[in-house]
Structure formats: C-alpha cells, structure tokens
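A short write-up of the structure that comes next.
Residue numbers (full-length UniProt numbering): 1 to 866.
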C-alpha cells in the first residue's frame, strides 16, 4: 500500500470517527432534551426552593433529636417488615416547627445516602419530597404532588424508566403538554418504586393540600405495596389524615411540647444573645417568659424574639415581656392592634396588603401586588400615583407577611395567619382597632373580583390576545383567576353589573379564553374553562336559587375561541389536541340540543370551514378535520345523519392522505363514523369502524386510557342495538371500571355509563336490576348536576319507562301508577326549565297522555344521544 493510499485511509478513518462522535453528541443532546421535556411535563414546582429556605430558618443544633428517636430510626431502616413500620406520621400544632423538622429529616436521609454511596454502588437510594402550601394552588393539588415526587425519583437515573417515557409520549400524542389524571401517574410511580433499591418520600404540610384524605390514601397505598419504600407525612393532627392511616400499619410521632422544648430553648438562647442588652436580667426574664409561654410552638418563640428586637432600652424590654400575649392568635392580635394605631392611609393600605397576600390563589410578584394595591375601590380605577413602595409594604405588615427575594413574591409568614384573619369568632379581647383588619373569605374574594374584572376590562387588555405584562402586571393573574374569585365572592348587585358588562361582548369572552389557553400550564384547559364558566353562572343565579346547568352559550364561546386560535401563529400556543376539542364539542352538542340551538352551532362551523385557516386556506388541509368532525356531530344532533356521515367520511379521506395510519386523530374520526352508521342502523359497519378505532388506540395507549374507554362504550351500544347483550354488558362494565378509576364514581361520564348498563339490563328483561341502577343514577345526578338538570330529568323518564314495562308484563296497576308519577315529576320540571315546546317536554307529555288513557297522543320525538 503506497503512502498516499494509507494517508487517505487514515483520513477516512478520522472522518468516520468524527461522524460517530457527532452522532453520539447529537443523540446525547436529543436524550437530554427529551428528559428535560419529561420533567417539565411532570411538574412546575421546584421543592428544593422550599427545602433550602427551611434550612436557612433552622437554628443550629435543633432537630438533631429526630435521628436518635427510636420511631424514626425504625422507620428509616425498616429492616424487619413484620415489626417495623414503613409509614411515619409526624404531627403537631400549628407553628410547632414541622416544616423545619421535615427538612431536617430530608437532610439526614440525604447525608446518610452520601455516606453509603460506595456501598450502594450504582443502586443508590432516592429521596423525594414535597412542601404543600395552602396559599399556592400549584403546591396543593394531588396531581402536582405526584408529578413532583415522580420527577425527583427519576432525575438521578441515567435512563428514565420505559413506563415514564411511554406515559410522556402518550400524553404528547394527545397534545397534552402537562400532567393530567388521564396519565394514571400513580401506576407509573409504582413501576419506578418497584425497580428502585430504596425510596424515601417525605411530604410536609399534607393538611394544607386540597384533598388531604386523597393524598394520604394514594401514598399509603403505594407505601404498603412495596417493602423498599418509606413514607413520612408531616401535618397537623387532622381526623381525615388519621382516618386514612388507621387502615394501614404506621408509626407516629406527636410533637408534644416536652419533645420540642429543648430545641425552642436552644433557639431562644442563641436569638436572645444576638439582641442588644444581652447579659442583663431582662434577657433572663425574656427567656423564662418565652420558654414557658411557647407551649411547644417555635413560631410563638420567633414572634416573641421579633417583638423584643424592637426594644430601645432595658425598660422597653421589660415592657415587651410583660405585654407578651398568650398563644399565636394573641400575638397576631397584638400586631393588628399596633396596625390599628397607624394613620388612616397606612391602615387602609395594611388591610389591602393582608387581603391580597392571604386570599389569592398563588403568591403575587411584587409588580402584581403593587398594581393590585393601586386599585381604588371608590373611584373604580387603578391609580398609578398610588402604587406603594416595596419598603413601605414590608415595614407595614411584617411579621405577618414575608418577602422572598429569590422569586420576588410576597407570602403569609404561616398558614395560621390566613386562618386567623378569616376566623369569625373568639375576638372578644380585641379592640375595634384590631378587628378592622379581619375579613370574611367571601368579602375578600368580592374585593379581588372587582379589581381583576377591572384589570381585564382595560382598553388595551379586553380585546388583545397578548398583553404586555410590564405595563399591565395584573392581567395574567386576572385572566387565570377571575372566575375563581367571582364565584367565591358574596353576591352583590354592583359586582354582578360589572361582570355583566365584561361578558356582554362575545369578543371579550373569546379573547379571555384564548389568553387563558395561551398562559395555561395545566392539562385539559378547555374542560377547566367550562368548569369555571359554570361556577360563575351558578354564582350569578344564586339569588334565584337556579340549579340549571345549561352551558350552550359558554361552550359556544370556547368553540369560537378555538376557531380564532387556529388563526394565530402556531408557535404562539401549545397545541390543543383534537381529542380534547372533541370532548368539548360533545358537551356543546348536548347543550345546544337541550337548548334547541343546534342550528347556531352548525352555522358557526360552516362559516369557519368556508373562511379557511390562517396561512393554510385549503379546505383539504388536515388542520380542518377537527372542524369537519365537529360539524358532523352537529349534523347528527339535527338528525341530518346522512350529511353527518358524508362529513365524517370527508374528514377521514383527508386524514388518510396526510396522517400516518396509526395516528390518533384517525381513531377519533372512525369512532364518529361508527356512531353515525349506528344511528342509521347499519350495525355491522358501525362495529367495524369502532374495532378499527380500537386497534389504532391499542397500539400506543393502555386499556385505562379515556379514549379507549369511550370507544368500548360506543362499541357496546352497537352490540346492544344488535341484541348482543352479554357482550355489551361486558364492555360497559369494563369501561365503567376504568372511568371510576380515573374520574371517581360521581363524575358525569361514569354516571352516563351506568345508564347504558341499565338499558342493557332492561333489554334483557332484568327490570329489578335496571331499576336499582337507575335509582342510584338518579341520586348521583341530583347530587352532581342538580334536580333541574336535563340529564337528571331524563333519568326520571327512564325510571318511568321501566315501571311501565314491569306493569305491562305483570298487569300490576300500581306499576303503571309509579310510571305516571315519575314521568309527571319529570314533565313538570321540563316545562319550567326547558319550556313547553322543547322535544323532551313534548315527549314526556305524550307518554303521560298515553299512560293516562287520553286519546290525543303526544308527538313522538327521537332523541339522539352522544
């Protein structure tokens, strides 16, 4: 081989190695990006911020007793599963130092793991933790807790477990950018725990989460199922938590005063030594007073030290000691007394600071709070020249509130502050100067609702989908939370007028919805919006005691917003999956049918299709298929079933051209085709469409997935119409089991599946079983939807029809009487709620006329149900 050939081979070899290196780097970069995306999908909260903040608050030398406590040692090691307890519950009074103690436990576990790193080799144990916060919705939801714990368990791993990757990619297929209940994250956590050597999970403040009983049950279930998992819960002694733990074996540490008093005394010794006048008799007197009065509450001792820090000489120290109040509430009351002695303007500002810091759904940034405090309730405007200085806010309300510079946010110093300000009794010892700062929760929400509605109504905000946060710092918070504050407020005519004025414009309503979607950081934003709209409607009609849940106009607003959203630059918004759109469309179709306004929905979608989409005007674009699906559903509701079928076939034709054969959107359209052909009594075709959809879904989704569950239900309905009752019943029961697991028994969807099961039993002649299920359905719908809801009324009609069937078979006149009774009760409410000419009302009237033997028969009306 000559030298030049050799040189070329070496050069080729070098290039090949470089290419391999480039590929490896690219793969590594892609893997990193995927991991980062998974972690962002799982959680928005970084609990390490709370951890390090609690570490800073800890007084040196305190909390070390925990590692020597036999109950904690037994829990940590748990070498004998038959006697040791894998669940530890540490509970104590408010202010007893639970958060700092939980942080000490986390630190000790992490240090222990570091010491054992060489022994554990690559199988290092994991420590995951979460700090619940009643003042921040992001830190109190069950889903957020689960997502954060899972993220911490997997982040040390070189490769994420397959179950995590699969759950993430399934969610992405649906277009879900954030974790949801549909992801069955508990099962994923169980898989990760099963394959880990040892896991420690610590949850602080579980009493502050939205559903303490649910969180306790979920994590206790995980902990009892795996010998390698240790679970520690820190909270107050709430009955709901105690009840959840009574069912499982657990150890318990109660933070009695005698247990934590040595730490409090250590804290007092150091803190008092740092104050002026140390070494005097007054210091010893202060120590004695605070140690005896603290009653095992660190927070009381800390507030006492802060009050002494304001002393200017020995006499003022003595005065402060002598005026020390009893208990935390006594201290809070004393602080309010001092605030009550301030000038009128400072008192007014202090009231608003406490209200906005303690009653918002999350901590406000300084710019948000400053803007909120400039709201003039009397003039009804934001006053630029009345935005307070940050130092003034801190000086005025400390130590009830604290500022966290790392996030530039303001917080109540402790959840007990919020509870104290909302307390409605037990203030006989407080003067009017102090009680002026107390508030009722509903009135606080009323005040905030006025301000956020005003923020949304500003000329540069109300019709703009993007708003400058610097110029309008309260706009984002208002967009995300105005419904919550309004629906939680006490009803007031002036506030209702402001609400009516804001929602009077359909453009303002749809613009708000678009902004909500653009800023959304949670799964299923459309369902959240629909829920918020219903809550606001319930608030508005509270004075009339209306329980009607018609939402046709509200759902139409969502639909208009979705259509407008398609006109925006696609880079501006996280994608809304067609499956989620479809969920809203189904609700919209039901609502419009009940309200007799299906033509309005049809017109909306026909116009949207004719206008085309921004940057993609072709009517044959794959982006138009969700509009075709929606239009087909509306045609079906109008009993234009042939036209509905043609529309869905057009959507399928476009999808086949542009999408891969296993794309989830094809399954959605196939299911719609199955429904349309079933309505046309072409049952064999219907079955095949649903089976094709099921085949696509099962390639990438678990059996517990919502879309598979929905498909099983629709396939079961096809079997019922074919007389294949055992097959129908099996599928409905399978779907019901999955729905209850994901949604709970009282969600409208599993209640609807119960209705399907009852219809199968009725068709089989099992009337007693059908009646039992229908009775349960009726009670659930009354509880969940209200007595006047159309679905509740239709359940009453169903019960009446079963009694009629029983009467026809048995000849029992009493059964006929019961049938008339149920139909009559339904008809009376239908007349009042739906109107005399509504198809449901007409149908009920016709049945009653027939049952009562009246010659004139009511018009028969076919009701297509989704």
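Glycine is no exception: its CB is placed at the ideal position from the N, C-alpha and C atoms.
Pick helix, strand or coil for residue 869, following the three-state DSSP scheme. As shown, the chain starts at 1 and ends at 866. That puts residue 869 outside it, with no answer to give.
Give the range of the beta strand (DSSP E) segment to which residue 201 is assigned. 199-204
Which residues mark the beginning and the end of the alpha helix (DSSP H) in which residue 229 is found? Residue 229 -> not in any alpha helix (DSSP H); beta strand (DSSP E) instead, spanning 229-235.
Looking only at its own chain, which residues have a Cβ that is under 7 angstroms from the Cβ of residue 363, when we skip the five neighbours before and after it? 135, 136, 409, 410 and 411
Run through DSSP, which three-state label would residue 792 get? Helix, per DSSP.
Pull the bridge partners of residue 274 from the DSSP assignment, please. As computed with DSSP, residue 274 is found in no beta bridge at all.
Please confirm whether residue 390 and residue 375 have their CB atoms less than 8 angstroms apart. no
Examine the Cβ distances between the region 94-101 and the region 53-62 and report whether three or more of them are shorter than 8 angstroms. yes
Rounded to a whole number of angstroms, what is the C-alpha to C-alpha distance between residue 881 and residue 795? Residue 881 cannot be examined here, being either before or after the span of the chain that is shown, 1 to 866.
When burial is assigned at 16 or more other CB atoms within 10 Å of the CB, is residue 658 buried or exposed? Per the 10 Å Cβ criterion, exposed.
Could you spell out the range, first to last residue, of the beta strand (DSSP E) harbouring residue 282? Element bounds for residue 282: not the beta strand (DSSP E) but the alpha helix (DSSP H), 281-294.
Should residue 120 be labelled buried (16 or more other beta-carbon atoms within 10 Å of its own) or exposed? Here the model assigns residue 120 a pLDDT of 44, short of 50, so the residue's position is not dependable, and the following value carries that caveat. Looking at its Cβ environment, which holds fewer than 16 other Cβ atoms inside 10 Å, residue 120 is exposed.
In three-state terms, what does DSSP make of residue 463? coil
Curious, which full-length alpha helix (DSSP H) runs of at least 4 residues does the region 706-751 contain? Taken in chain order, the unbroken stretches of alpha helix (DSSP H) that lie wholly in the region 706-751 and span 4 residues or more are 706-721 and 725-743.
CA-to-CA distance, residue 395 to residue 303, given in whole angstroms: 15 angstroms
Who pairs with residue 365 in a beta bridge, going by DSSP? According to DSSP, which records beta bridges pairwise, residue 365 is partnered with 409.
So what does residue 376 bridge to, in DSSP terms? 381
CA-to-CA distance, residue 342 to residue 314, given in whole angstroms: 25 angstroms
Give every residue of the same chain whose Cβ lies closer than 7 angstroms to the Cβ of residue 529, excluding the five residues on either side of it in the sequence, and list them in chain order. 513, 516 and 558
Grab the span of the alpha helix (DSSP H) containing residue 701 for me, first residue to last. Neither: residue 701 is in no alpha helix (DSSP H) and is coded neither H nor E.
Locate the beta strand (DSSP E) running through residue 127, then write down its first and last residues. DSSP places residue 127 inside the beta strand (DSSP E), whose first and last residues are 126-131.
Nearest CA to the CA of residue 443: which residue from 360, 108 and 434? Comparing Cα positions, the closest option is 360.
Report the option in 223, 519 and 348 whose CA atom is closest to the CA atom of residue 480. 519
Take residue 736 and list the residues in its own chain whose beta-carbon comes closer than 8 angstroms to its own, dropping the five residues that flank it on each side. Answer for residue 736: 750, 753, 754 and 757, listed in chain order.
Can you check which of these residues, 301, 810, 800 and 486, is closest to residue 843 by C-alpha distance? 800
Return the bridge partner residues of residue 252 from the DSSP annotation. 89
Simplified DSSP state of residue 402, which is helix, strand or coil: strand
Please say whether residue 418 and residue 358 have beta carbons closer to each other than 8 angstroms? yes
Best match in 414, 626, 719 and 247 for proximity to residue 606 [C-alpha to C-alpha]: 626
Note down, in chain order, each residue of its chain lying with its Cβ closer than 8 angstroms to the Cβ of residue 189, except the 5 sequence neighbours on either side. Hits under 8 angstroms: 146, 149, 150, 153 and 222.
Classify residue 160 as helix, strand or coil using the three-state DSSP reduction. coil
Where the alpha helix (DSSP H) containing residue 846 begins and where it ends: 839-851
Would you identify the three-state DSSP class for residue 774, choosing helix, strand or coil? helix
Using the beta-carbon count (16 or more within 10 Å), is residue 407 buried or exposed? exposed
For the 8 angstroms Cβ check, are there 3 or more pairs between the region 583-592 and the region 633-650? yes
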